[in-house]
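In order, the protein sequence lines correspond to chains C and D.
According to the working numbering, the first sequence holds residues 1 to 216 in order.
According to the working numbering, the second sequence holds residues 1001 to 1216 in order.
Down below is the structure, laid out as structure tokens.
Number of protein chains: 2
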Amino acid sequence: MPQIEKNVSIAVPEPTLRRLPWYLAYAKMQLSRNEMYLSSTQIAKNIAVDASVVAKDLSYVNIAGKTRVGYDTRELVTELDAFLGFTKTHKAFLFGVGRLGAALLHDSGLQQFGLEIVAGFDAKYELAGTRINHIPIHHIDRFADLEKQTQVKIGVLTVPIESAQEVSDLIVATGIQAIWNFTPFRIRVPDNVVVQNTSIYAHLAVMFNRLNAINN
Amino acid sequence: MPQIEKNVSIAVPEPTLRRLPWYLAYAKMQLSRNEMYLSSTQIAKNIAVDASVVAKDLSYVNIAGKTRVGYDTRELVTELDAFLGFTKTHKAFLFGVGRLGAALLHDSGLQQFGLEIVAGFDAKYELAGTRINHIPIHHIDRFADLEKQTQVKIGVLTVPIESAQEVSDLIVATGIQAIWNFTPFRIRVPDNVVVQNTSIYAHLAVMFNRLNAINN
């Protein structure tokens, strides 16, 4: 019933989606310690989130706790992994094989969370034909052809800021439906395209500022 | 006057600190296009943030716009870069040279934003003595000694979730004052320690969910 699934997907608030991976991480850790049951109180205490928030967040996931013992840890891990999309493989193209782009190609850890980068693209001709961590790099001119063949839906954007909007326009026009934007540039896309901004450098600025406040 | 600087640092709200790098990115791009002046309206329009928000955010930074022409683009870039801490070099140690850790060691781009990872630490003896991107990797047992010599204040945490709390306790006890936490685990630290959570996998979950909503 795609109609229902659509509604369910839309209904999950972003703060919930951001907290669920914390619960998953904690549940995985407890599972590795052979803790077979987990209560929302226990999760709440260890993650420093209110127990009512934990219970509410977990109500979106297809899992029911048992009276007195709580959630089955293994079931919680399995259900959360699936709910968050980490068990499915989502193929992606990466655009901009500079320093951060190359670093992400090296991060095979992404696959554990459902993202498989199948190719990188760059405007530099000398990169075309090379591989990083076994992933082939192509010239950006080949993107349209490869997109037609593969129907990849996700683009990881790691180009220089000057090219962020231009590359974003290009890839959206050719079939990319979601952009994981690592550039500090705020790209504009049509309404039906998903943008996830992950500005790791903006996080650095927050950390520097807080650290500075401690030391002055 | 450290007292005043302290208050200033504390007073900058996190949302502002997260938006300022967007303005910086935009200003850098405009500078590369030889646009010598920028108005807050122009920044606002291009970044899809309210003009009053842009003006308020920039009021924290030591820069004044000129009537009619706006901000001097070059000055804006210089001041924002300095204000955000990107022009100073902050030395850091990285803990956990797994896939994500190794990827971050490969990301020389971090240096442009003021973060220099000077060494990596891992519990695996076979990694000790190796280098990634010229950065030396040591066994975690050597951390206390090297910390005493170097007084590094920032720790980048990329260990497996099972070790996140333990390693965090260890490094905080030995002098680390700020932790850039890439693990999905919510570490607990004393009040005087800064934690910046950057859960790139949590962002993936949000993106998958939104993409799924489009396609159903």
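Glycine included, each C-beta is placed from N, C-alpha and C at the ideal position.
- Query: Between the C-alpha atoms of Gln1177(D) and Gln177(C), what's the straight-line distance to the nearest angstrom?
  - Reply: Going by the C-alpha atoms only, they are around 40 Å apart.
- Identify each residue in the region 1067 to 1078 of chain D for which the Cβ-Cβ distance to at least one residue of chain C is less than 9 Å, and report them in chain order. Those residues of the region 1067 to 1078 of chain D placed with their C-beta closer than 9 Å to a C-beta in chain C do not exist.
- Item | Ala1202(D), DSSP secondary structure in three states | Here Ala1202(D) sits in helix by DSSP.
- Message: Could you compute how far the alpha carbon of Ala1025(D) sits from the alpha carbon of Ala92(C)?
- Response: C-alpha separation (whole angstroms): 25 Å.
- Name the chain C residues that come within less than 7 Å of Ile1200(D), Cβ to Cβ? Within 7 Å Cβ-Cβ: Thr198.
- Task: List the whole-angstrom C-beta distance separating Trp180(C) from Leu157(C), where the pair is believed to meet the contact cut-off of C-beta under 8 Å.
- Result: Their Cβ separation, rounded to whole angstroms, is 7 Å, which keeps Trp180(C) and Leu157(C) in contact under 8 Å.
- Item | Residue-chain proximity (Arg18(C), chain D), Cβ-Cβ < 8 Å | Under the 8 Å criterion on CB atoms, Arg18(C) is classed as interfacial with respect to chain D.
- Item | Per DSSP, the bridge partner or partners of His138(C) | As computed with DSSP, His138(C) is found in a beta bridge with Phe121(C).
- Task: For the alpha helix (DSSP H) holding Gly1109(D), just list the boundary residues, first then last.
- Result: Start and end: 1109 to 1112.
- Message: Using CA atoms only, rank isn't needed, just tell me which of Leu1080(D), Val1049(D), Val1193(D) is closest to Asn1062(D).
- Response: Taking the Cα of Asn1062(D) as reference, the smallest distance to any Cα among Leu1080(D), Val1049(D), Val1193(D) is reached at Leu1080(D).
- Item | Beta-carbon contacts of Tyr1037(D) that lie in its chain and below 8 Å, excluding the five residues immediately before and after | The answer, listed in chain order, is Lys1066, Val1069, Gly1070, Tyr1071, Asp1072, Thr1073.
- Task: Compare the C-alpha of Val1195(D) against each of Ala1051(D), Val1172(D), Arg1142(D), Glu1116(D) and name the closest.
- Result: Ranking the options by Cα distance to Val1195(D), first place goes to Val1172(D).
- Task: Let me know the secondary structure DSSP gives Leu84(C) once reduced to three states.
- Result: For Leu84(C), the three-state secondary structure derived from DSSP is coil.
- May I ask you to list the residues that DSSP assigns as paired with Trp180(C)? The partner list for Trp180(C) (beta bridge, DSSP) reads Val156(C), Gln196(C).
- Is it true that the region 1041 to 1058 of chain D meets the region 1105 to 1122 of chain D, where meeting means three or more beta-carbon pairs spaced less than 8 Å apart? Flag = no, the region 1041 to 1058 of chain D and the region 1105 to 1122 of chain D do not touch.
- Task: Would you kindly check if the distance between the Cβ of Tyr60(C) and the Cβ of Thr16(C) is under 8 Å?
- Result: Contact flag set, yes.
- With distances taken between CB atoms, is the gap from Phe1095(D) to Val1193(D) smaller than 8 Å? The answer is no: Cβ separation not under 8 Å.
- Task: Find the residues of chain C that neighbour Arg1099(D), judging by a C-beta separation of less than 7 Å, and give them in chain order.
- Result: Ordered by position in chain C, the residues that pass the 7 Å Cβ test against Arg1099(D) are Asp107, Ser108, Gly109.
- Query: Do you know offhand how far Arg1018(D)'s Cα is from Phe1083(D)'s?
  - Reply: Our two residues, Arg1018(D) and Phe1083(D), have alpha carbons roughly 12 Å apart in a direct line.
- Message: Once DSSP output is grouped into helix, strand and coil, what is the label at Gly72(C)?
- Response: Before going further, note that residue 72(C) is Asp rather than Gly in the sequence given. Residue state, collapsed to three classes: strand.
- What are the start and end residues of the beta strand (DSSP E) that includes Leu1094(D)? First-last of the beta strand (DSSP E) with Leu1094(D): 1090 to 1095.
- Query: So, does the CB of Tyr1060(D) fall closer than 8 Å to a CB anywhere in chain C?
  - Reply: No, its Cβ sits nowhere closer than 8 Å to a Cβ of chain C.
- Could you pull out every residue in the same chain whose Cβ sits closer than 8 Å to the Cβ of Ala144(C), ignoring the five residues on either side in sequence? Correct list, in chain order: Thr174.
- Message: Quick check: what's the CA-CA separation for Ala1044(D) versus Lys28(C)?
- Response: When rounded, the distance between both Cα atoms is 43 Å.
- Query: Taking C-beta to C-beta, are Asn1209(D) and Gly85(C) nearer than 8 Å?
  - Reply: Inclusion of Asn1209(D) and Gly85(C) in the CB contact set at 8 Å is warranted, their separation being smaller than that value.
- Continuous alpha helix (DSSP H) stretch holding Ser32(C): start and end: In the DSSP annotation of this structure, the continuous segment of the alpha helix (DSSP H) that includes Ser32(C) starts and ends at 14 to 32.
- Query: Can you tell me whether Asn212(C) is buried or exposed, with buried defined as 16 or more other CB within 10 angstroms of its CB?
  - Reply: With 16 or more Cβ atoms within 10 Å of its Cβ, Asn212(C) is classed as buried.
- Task: Taking C-beta pairs closer than 8 Å, name the residues in chain C that Ser1151(D) reaches, listed in chain order.
- Result: In the sequence as presented, Ser is not what sits at residue 1151(D); that position holds Gln. What Gln1151(D) touches in chain C: nothing, since even the nearest Cβ is about 11 Å away.
- Query: Since His1134(D) and His106(C) are thought to touch, with beta carbons under 8 Å apart, how far apart are those beta carbons, to the nearest angstrom?
  - Reply: That belief does not hold up - the Cβ atoms of His1134(D) and His106(C) are roughly 15 Å apart, past 8 Å.
- How about Arg188(C) and Gln151(C): do their beta carbons lie closer than 8 Å? Not closer than 8 Å, so no.
- Message: Measuring alpha carbon to alpha carbon, tell me which residue in Ser32(C), Asn197(C), Tyr201(C), Ala202(C) is nearest Tyr1201(D).
- Response: The option with the nearest alpha carbon to Tyr1201(D) is Asn197(C).
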